[in-house]
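Protein chains: 4
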Amino acid sequence: MFRTKILILTDHSVVNMSPRTEEQLASLKDSKRKLIFDAALNAFSERGYHGATVGLIAEMAGISKGLMYSYFKSKEDLLDELLVYGLTRMGEFLSFVPKEGISTPAEFEAALRGMIGLYTAETNFWRLYIIIVLQKNTTPKFEKLMEEMIQGYLGIFITYFKHRGVPNPLAEAMMLGSVLDGIMFDLMVAPDMYPVEDVIKLTIKKFA
Amino acid sequence: MFRTKILILTDHSVVNMSPRTEEQLASLKDSKRKLIFDAALNAFSERGYHGATVGLIAEMAGISKGLMYSYFKSKEDLLDELLVYGLTRMGEFLSFVPKEGISTPAEFEAALRGMIGLYTAETNFWRLYIIIVLQKNTTPKFEKLMEEMIQGYLGIFITYFKHRGVPNPLAEAMMLGSVLDGIMFDLMVAPDMYPVEDVIKLTIKKFA
Amino acid sequence: MFRTKILILTDHSVVNMSPRTEEQLASLKDSKRKLIFDAALNAFSERGYHGATVGLIAEMAGISKGLMYSYFKSKEDLLDELLVYGLTRMGEFLSFVPKEGISTPAEFEAALRGMIGLYTAETNFWRLYIIIVLQKNTTPKFEKLMEEMIQGYLGIFITYFKHRGVPNPLAEAMMLGSVLDGIMFDLMVAPDMYPVEDVIKLTIKKFA
Amino acid sequence: MFRTKILILTDHSVVNMSPRTEEQLASLKDSKRKLIFDAALNAFSERGYHGATVGLIAEMAGISKGLMYSYFKSKEDLLDELLVYGLTRMGEFLSFVPKEGISTPAEFEAALRGMIGLYTAETNFWRLYIIIVLQKNTTPKFEKLMEEMIQGYLGIFITYFKHRGVPNPLAEAMMLGSVLDGIMFDLMVAPDMYPVEDVIKLTIKKFA
DNA sequence: TATGAATGAGATTTCATTCAT
DNA sequence: AATGAATGAAATCTCATTCAT
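Right, dumping it as structure tokens:
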């Protein structure tokens, strides 16, 4: 996983980090706001922030340019909220990590498969995410959420590796993070020819 | 490593793929063209293609906007040539891989350290490269060069793993590629706190 | 007083120029229409016609944008009607000028104080009024009303100055008009530090 | 004259308040910047800030919209600079007030005629000026310049009235200021029918 | 070669007005 | 009667590209 600042947390308190209640997210379903989010996610992730015009996003959302501005203060604001929304949504889906952390190889595998599953399911979000994270000036709100998320997972894996008696648990967890990042990236660039299953098995063999 | 289309090449013909002679590259040294390339590399990698304005690039290169257009047909042309130039230059630096391929763990380590060294030395190029690769519509020239390069290295590692009697050499090579991609990415996002040395050692332990 | 076209009327027929009966005005009290008028008066006088948005006016009036359009054909129409309404309302308040005109210094003083009192009481209307009058394209209805009003007062003062044997009654009346306009303007710009009472006394001394 | 805050200065130090050297102003002559200033002055004074579009101003200046933005950061910035430029320019023209202040009726008359001459010569600037001053949110730079200018003239007249033994010199000066403001305003609204000469003579009779 | 003023197409943003509810 | 979501025209602003010097 990516990291921006590393504060190792060895407890697992972070998994349930979503500040939004499920109702709030549910209320977004089928709303116009959701339409715009989806369109913007596609547009931004395919063309980058500057390459995706408001006009294009509006067209993809099936609304007028003007209407966008009654939902979002500006294009920049749209990006901000989209990132936070996306990250929060990711948090929602991360139910495959048990609250008590992971301790057995079976749990490790489940977590691994869960995360990689997310990558394939939400390619657009992760693509956007990479683009944004590589550019300067991320928004503070987004950065904070990211950090929480990253450190949460890092902590979980550190604990796991400690538990398994691995010599350098931190390095092990960070390398695993890089593996996951690399897999995400490669799946993004060439999803069709990547031997995911083989790589997952190898990863389990080398890390679990 | 990144891949876009995978044609496994098991020979090592690719390392010296650059069609440009060294003289051609040398002639670039200290030229205006080089100045522009450097400026554009910084600007594009920091702000993306659309976010980096021609005016900014010219300013960073210390020349006028007008002059840029006697060196490059257009902004798009500048990006094209920059990418090819960068990739070619990468090829130049890849001297750490012996022509006959690698066969011992020591050679493996040398190659690994060489590549990771490249990431830290040429961060901007790799950042630009990632941004471009994640977006559609790469230029054909660039795509071809990339493919050659990637498959070359993939082939080298496949051969190495075969040689070492590893069960599934392709998957092993692809996972190693992902590890390298992940490390590159993490180094890009948070270079200061990434335990490179520890991760390199772990990678050698797990792959060499 | 301001003038746009000068037709000297020496009779005093103008004071009660309003074609609206008091009932008509009374029917406006507390109506939605009145709410909108008040809001529009504030908005227009503070920000000018183009600077005051329909949305803002609606918000200030505590109603929806949509409802505004069942009371007024358009924003321009709202301005038109507001101006006429305001001017008519001014006429209502101008009771301090006796029907037979003024002939004694005491009456002069009363009229003077009455008008200046109006300025301080209805700052917003006069501010709007100035803004509109300085810009081209006033509406004909409004222009006609204005002219009637102005010439009425001008006539009253001309008669007064004639009566008092002043050499050039027209010039005297016009200068007095300028004094009143200047006072109105200064009161608008810096009401707190203007020595109104002193200036009134001086005006009486110089003109009555 | 208008005032916003009143600090009575009884010396005459303010007349030469222009911070720009004459060369700087001269360098503006015939420049594109000057063209834009002139166009903007006309447009703003005729239609107000929001009513005058950047497109219109550019057209009146005979340039493209785009070019405006290499001379001025924004429309608002254009207004700001225009106001300061105009006020500074006014200061330049105010040579009819002797450095030592005014003390004789002849000098009073010269000053009066000078100022009224300015009103007729630079109608557009004063119209713009009024429009701006009646609206909130003037720029601080402009406000400061205005205050200097106003207090300067106020001080000059206060000194004059003191010198002439007038009972309440401050009130007298402020009323005279209102007279001038009123004349300016009336000249703006109906220049053709205003009996300027007669009113000037009356003003001299009543104040000098 | 070198400049940067100038353009115009297109991007972002605003807002009067309409209309389904 | 009342709302405010929705539109589209027009406003502000940006920027790749050209061109006179």
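Residue numbers (my numbering), protein chains in the order written: chain F, 89 to 296; chain A, 89 to 296; chain P, 89 to 296; chain W, 89 to 296.
From the three backbone atoms N, C-alpha and C, an ideal C-beta is built for every residue, glycine too.
All values reported here derive from a predicted model rather than from experimental measurement.
With a 10 Å radius around its C-beta and 16 neighbouring C-beta atoms as the bar for buried, classify residue i as buried or exposed.
i: Glu260 of chain F; result: buried
i: Asp280 of chain A; result: exposed
i: Pro257 of chain F; result: buried
i: Thr247 of chain A; result: buried
i: Leu155 of chain A; result: exposed
i: Lys294 of chain W; result: buried
i: Glu110 of chain W; result: Only weak support is given to the placement of Glu110 of chain W: the predicted model assigns it a pLDDT of 42, under 50, and the value that follows is read from those uncertain coordinates. Burial call: exposed.
i: Gly243 of chain W; result: buried
i: Arg91 of chain W; result: At Arg91 of chain W, the pLDDT of 36 sits below 50, so the modelled position is not reliable; the number obtained from the coordinates is stated separately. By the 10 Å Cβ count, Arg91 of chain W comes out buried.
i: Tyr282 of chain F; result: buried
Could you tell me whether the Cβ atoms of residue i and residue j are closer together than 9 Å?
i: Val221 of chain P; j: Met234 of chain P; result: yes
i: Leu268 of chain W; j: Gly270 of chain P; result: yes
i: Ala127 of chain A; j: Glu147 of chain A; result: yes
i: Ile218 of chain F; j: Met276 of chain F; result: yes
i: Glu134 of chain W; j: Gln223 of chain P; result: yes
i: Thr208 of chain W; j: Val287 of chain W; result: no
i: Gly136 of chain F; j: Gly136 of chain A; result: yes
i: Phe297 of chain F; j: Leu206 of chain F; result: A question about residue 297 of chain F goes unanswered here, because the residues of chain F that appear run from 89 up to 296.
i: Ile145 of chain P; j: Leu166 of chain P; result: yes
i: Pro186 of chain A; j: Ala296 of chain A; result: no
Just tell me which of the options has its CA closest to the CA of residue i.
i: Arg121 of chain W; options: W:Glu169, W:Leu144, W:Ala131; result: W:Glu169
i: Thr291 of chain P; options: W:Met262, W:Val277, W:Glu285; result: W:Met262
i: Met272 of chain F; options: F:Gly202, F:Phe132, F:Thr227, F:Leu166; result: F:Gly202
i: Gly150 of chain A; options: A:Glu231, A:Ile124, A:Tyr282; result: A:Ile124
i: Gly179 of chain W; options: W:Tyr159, W:Tyr241, W:Glu188; result: W:Tyr241
i: Glu164 of chain F; options: F:Lys232, F:Ser183, F:Phe132, F:Val254; result: F:Phe132
i: Phe230 of chain W; options: W:Tyr159, W:Thr176, W:Ala278; result: W:Thr176
i: Ser119 of chain F; options: F:Pro255, F:Tyr159, F:Phe184, F:Asn130; result: F:Tyr159
Say whether the stretch 140 to 147 of chain W touches the stretch 194 to 205 of chain W, bearing in mind that this needs 3 or more beta-carbon pairs closer than 8 Å, one atom from each stretch. With the cut-off at 8 Å, the stretch 140 to 147 of chain W and the stretch 194 to 205 of chain W do not touch.
Using 8 Å as the threshold, is the stretch 157 to 177 of chain F in touch with the stretch 203 to 222 of chain F, meaning 3 or more CB pairs across them? In short, these stretches touch, since the Cβ pair count reaches three.
Short of 8 Å Cβ to Cβ, which residues in the stretch 214 to 226 of chain F face chain A? Listed in sequence order: Arg215, Ile218, Ile219, Val221, Leu222, Gln223, Lys224.
Residues in the stretch 255 to 269 of chain W with C-beta within 8 Å of chain P's C-beta atoms, listed in sequence order? Cβ contacts with chain P come from Asn256, Leu258, Ala259, Glu260, Met262, Met263, Gly265, Ser266, Val267, Leu268, Asp269.
Between the stretch 159 to 171 of chain W and chain P, which residues of the former have a C-beta closer than 9 Å to a C-beta of the latter? Of all residues in the stretch 159 to 171 of chain W, none has a Cβ within less than 9 Å of some Cβ in chain P.
Where the stretch 176 to 207 of chain W meets chain P: residues whose CB sits under 9 Å from a CB there: Taking 9 Å as the cut-off between beta carbons, none of the residues of the stretch 176 to 207 of chain W comes near chain P.
Listed in chain order, which residues of the stretch 232 to 249 of chain W have Cβ atoms closer than 8 Å to some Cβ of chain P? Residues of the stretch 232 to 249 of chain W that bring their beta carbon within less than 8 Å of a beta carbon in chain P are absent altogether.
When Cβ atoms are compared, which residues of the stretch 135 to 153 of chain W fall closer than 8 Å to chain P? From the stretch 135 to 153 of chain W, only Arg135, Gly136, Tyr137, His138, Gly139 have a Cβ closer than 8 Å to chain P.
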